[in-house]
């Protein structure tokens, strides 16, 4: 097994896509089917989350971009049609968070979901999918009009359907994925405004957010973007809530490392790679489990353990960040980290029988359930990590 070979990496991408296709294609309502068990058994036919729809468009577009089977492009086109037909709020603009079949189940608007629409449309454009460039421009303008806070140069998070009321909550998560989406949009279109916005987001994170928490990026902030170190998810007491996780999340530190290096590729911004290196090394040292392998989920502000489970996307983001740092710096130590986390993922997370990655393991690398693909998973993180690593290796 050579985790640094083009053949191996492509094999992981198409193994995941083959797990989802054609089972995820909802030919009755349009869009994609949500939750699946390890063997591909469908659990939920009706739920259509904006993030899941966008992530499937992204992953199938990656398959098309890598000259995969024709169904990759067809599956991405299928999702883009559903996105514009049913998720899109044709009265107020923006995209509904969740549908049941074709009916609106959650009419709220959130920046995180819109970032994924931009990411999906951008990758679709790179794959040559018709109509995607208009979606890029439209969702960017929606984000500019409703979510962007010029004073802080960051995106606010949650609004109701007609944009008349915004939550006071502010979070780094939506901004991180917006940065990723802007970089992808820049690659897809060549339009400098997307690169400029990605730079502004990274600069704000380094200077405004990370500076409040000793260099690591905290998750939760108030309306003035002051860190809320007392934040807890009182709704369900869930430490690993996808939109509002508790504590320092190593996976998000790796994602910002990835973003800093990616941005430096185009901007050559002084200090960005150095920031990425410092953050990567510190995160790796604090999060890598020397006893059982893999990277743990979350830490307190004092870097004490909150959640020692192993989450699939944390490992995937470390794969991407280490590959990009290795290629950018020429430092072989990052390739060592890449091999270590990818080999760990190969043995524990990748399902070599049915395809795709298991979602969640205990610290001891045991599965909690047979649910492989929760509502928003879609294996976007592993496929994205493999795609970005492949770019550095080719």
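In the working numbering, the protein residues as written are 10 to 403. Each residue gets a CB set at the ideal place from its N, CA and C atoms; glycine is no exception.
Could you tell me which residues DSSP pairs with residue 41 in its beta bridges? Answer is 34, bridged to residue 41.
Here's the rule I'm using: 16 or more other beta-carbon atoms within 10 Å means buried, otherwise exposed. How should residue 404 be labelled? The displayed coordinates of the chain run from 10 to 403. Any statement about residue 404 would go beyond what the structure contains.
Whole-Å CB distance - residue 56 paired with residue 109, under 8 Å assumed: 6 Å
Restricting to Cα atoms, I'd like to know which of 363, 12, 41 is closest to residue 385. 41
Among 194, 84, 14, which one has its Cα closest to the Cα of residue 128? 194
Mind checking who residue 314 pairs with in its DSSP beta bridge? The partner list for residue 314 (beta bridge, DSSP) reads 308.
Quick one: Cα of residue 304 to Cα of residue 224, how far? Each residue's alpha carbon lies about 19 Å from the other.
Any idea what DSSP makes of residue 122, helix, strand or coil? helix
Does DSSP classify residue 264 as helix, strand or coil? Three-state result, residue 264: helix.
Which class does residue 273 belong to by DSSP, given the choice of helix, strand or coil? helix
Could you tell me which of 399, 401, 395, 381 sits nearest to residue 48, measuring between CA atoms? 381
Decide if residue 354 is buried, meaning its Cβ has at least 16 other Cβ atoms within 10 Å, or exposed. Counting Cβ neighbours within 10 Å, residue 354 comes out buried, since at least 16 surround it.
List the endpoints of the continuous alpha helix (DSSP H) containing residue 345. 341-357
Among 180, 377, 177, which has the Cα closest to the Cα of residue 368? Taking only the C-alpha atoms, the option nearest residue 368 is 377.
Determine the direct distance from the alpha carbon of residue 329 to that of residue 203, and round the result to whole angstroms. 21 Å
Are the beta-carbon atoms belonging to residue 320 and residue 306 less than 7 Å from one another? yes
What distance in whole Å lies between the Cβ atoms of residue 177 and residue 231, which are believed to be in contact at a cut-off of 8 Å? 7 Å
With a threshold of 8 Å, are at least 3 pairs of Cβ atoms found where one atom belongs to the stretch 23-31 and the other to the stretch 358-365? yes
Run through the stretch 85-159 for me and flag every whole beta strand (DSSP E) of 3 or more residues, listed as ranges in chain order. 107-109, 112-115
Can you grab the Cα-Cα spacing for the pair residue 233 / residue 290, in whole Å? 30 Å
Is it buried or exposed, residue 388, if we count other Cβ atoms within 10 angstroms and call 16 or more buried? So residue 388 counts as buried.
For the stretch 271-282 against the stretch 205-217, are there 3 or more C-beta pairs whose distance is under 8 Å? yes
Buried or exposed, going by whether 16 or more other CB atoms sit within 10 Å of the CB of residue 182? Under this definition residue 182 is a buried residue.
Just the C-alpha distance for residue 351 and residue 325, rounded to the nearest angstrom, thanks. For the pair residue 351 and residue 325, the Cα-to-Cα distance works out to about 8 Å.
Three-state secondary structure (DSSP) at residue 245? The predicted model places residue 245 with a pLDDT of 45, which falls under 50 and marks its position as unreliable; any figure quoted below should be read in that light. Of the three classes helix, strand and coil, the one that applies to residue 245 here is coil, per DSSP.
Do residue 131 and residue 197 have their CB atoms nearer than 7 Å? yes
What are the boundary residues of the alpha helix (DSSP H) that residue 193 is part of? 181-198
Nearest candidate by alpha-carbon position, reference residue 171, set 164, 156, 112, 228: 156
Assigned exposure category for residue 106 - 16 Cβ within 10 Å defines buried: buried
Quick one: is the Cβ of residue 339 within less than 6 Å of any heavy atom of the ligand GTP? The ligand content of the structure shown is nil, which means the ligand GTP is not present either.
If I follow the unbroken alpha helix (DSSP H) through residue 210, where does it start and stop? Here the alpha helix (DSSP H) through residue 210 covers 201-213.
Euclidean distance between Cα positions of residue 166 and residue 10: In a straight line, the C-alpha of residue 166 is about 42 Å away from that of residue 10.
Count the other CB atoms within 10 Å of the CB of residue 267; is the residue buried (16 or more) or exposed (fewer)? buried
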